[in-house]
Each structure stands twice: as structure tokens, then as C-alpha cells.
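Position 172 of the sequence shown, counted from 1, bears residue number 1263 in the numbering used here, the numbering being contiguous throughout.
Glycine residues also receive a C-beta, built at the ideal position from the N, C-alpha and C atoms.
Small disclaimer: the values here were computed from a predicted structure and weren't measured.
First the structure, in the form of C-alpha cells, and then the observations on it.
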Amino acid sequence: MQLPSTKPTLHYLDIGSLGRGEVIRLFLKDAGVEFNDVRYPYDDTWPAASAVLKEKGLSVTGHVPVLEYEGKILTQHLAILRYLARELGEYDGNTSLEKYFLDAVADVYNDWRIQWVNNLGNVTDKFRNEVVPDYYNVLARFYAQQEGPYLLGERITYTDFVVYQSIDNDSQIGTLPASLPEPLVKFKAAFEARPRVAPYLESRRG
């Protein structure tokens, strides 16, 4: 694995383990990449902080996450994860078909995420009882194509991180189904047992 020569800096909101910034943290932790973790309060000071990010050229939109990495400014969480996977030489597919497969599942996640954000603070019955169960059933069919525990079998990829983040985020807002399909139960257990991920998850609980 080709680790960065300088310490990256992650900019995100101080909202605990929710959202798009946390999946980048999980990825960097798993890869053994040390990084500076800059968190902005999500309160009435955020609009001014967002404006400063734009003024400094750190974010064209003023949105986060932003990752400063080897002199480059990276935005958009899925694009950041794909970039890191390619730079590190791990966490991506080895063939065009594998890369397509991972991107396709990431798109399924992104469709879920849009609806998850729209339901924050006001969860609809449709989201809880239809959208979420359908989402995990679709994911299970993807995971069932391999022996597991990950999408490509024994090798973890960037898409596994966003899938885990969706499971965790649904759990936090009380919309995770009481039981997940078996392929996802297997995946979740394997992910949470990863040597660099497990201590970090434990520190979050503390």
C-alpha cells in the first residue's frame, strides 16, 4: 500500500458518527493513514465557517467533507473514497467489471442516502417500512453473489465502507430493521471486527 507522504486533513461537521465525513474517517482508520480531523460546529456559526472554506479555496460549494491530501483538495465523499482507493492501490476492483460492480452498489447506497437525509428529524412511514427494508434486501442480493463477507469476497473495498455507514446511520435514527438479511449480518460482523476499525468503533462508544 502506498501511504501518503504528508498527513491529510479532513474537514467535516461535528455531528458525531453521522454523515459523509465519518465514512472517510473509517476508511482512513482501516488503511492506517493518520490524519488531522477538523470538525466544525453545526450551529449558527456554520454559515460563516462555510463561507471561509469557499474563500480559502477549500470547497467550491462551501460543503463538506473536504480532504486535503498530498497537496490536493478533494470533495464529494464517494469521489474521495474512489480516489483514495486508487492512490493506495487497494480497496477497489481489480478489473473493469469489478469496478463497475462496486460503483453500481455505491449508486444504490447514494439513492438510499438522499432519502435518509430527507427523513432526518421527521421519519415517514414509507421510509421506515418500505424504502429501508427494500434497500437492505437489494444490498443482500449483491452481497450474496460472493461467499463474503464483503462485496468482492474476502477483500474489502471502498463500497463496503458506505454500506456499513448506511447500516450504522439507520441504527442511529431508529430506522434499521429489527433483523437484517444474513449476508449483511455476516458483513457487519466482519467489518466491525477489522483490526483497525474495532478500536475506533469502541472509542466512539466511550
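Between Leu1292 and Glu1283, the CB-CB gap stays under 7 Å. DSSP lists Tyr1241 as the beta-bridge partner residues of Gly1244.
Excluding its 5 nearest sequence neighbours in each direction, Ala1142 has C-beta neighbours in its own chain below 7 Å: Gly1153, listed in chain order. In this structure, Thr1266 places its C-beta atom within 7 Å of the C-beta atom of Arg1219. In the structure shown, the three-state DSSP call for Val1196 is helix.
In the DSSP assignment, Tyr1255 falls within the unbroken alpha helix (DSSP H) covering 1249-1263. Your pair Asn1201 and Leu1169 checks out as a contact, with CB atoms roughly 7 Å apart and the cut at 8 Å. Within the DSSP secondary-structure output, Asp1128 pairs in a beta bridge with Leu1101.
Under the three-pair Cβ rule at 8 Å, the segment 1216-1232 does not count as touching the segment 1160-1178.
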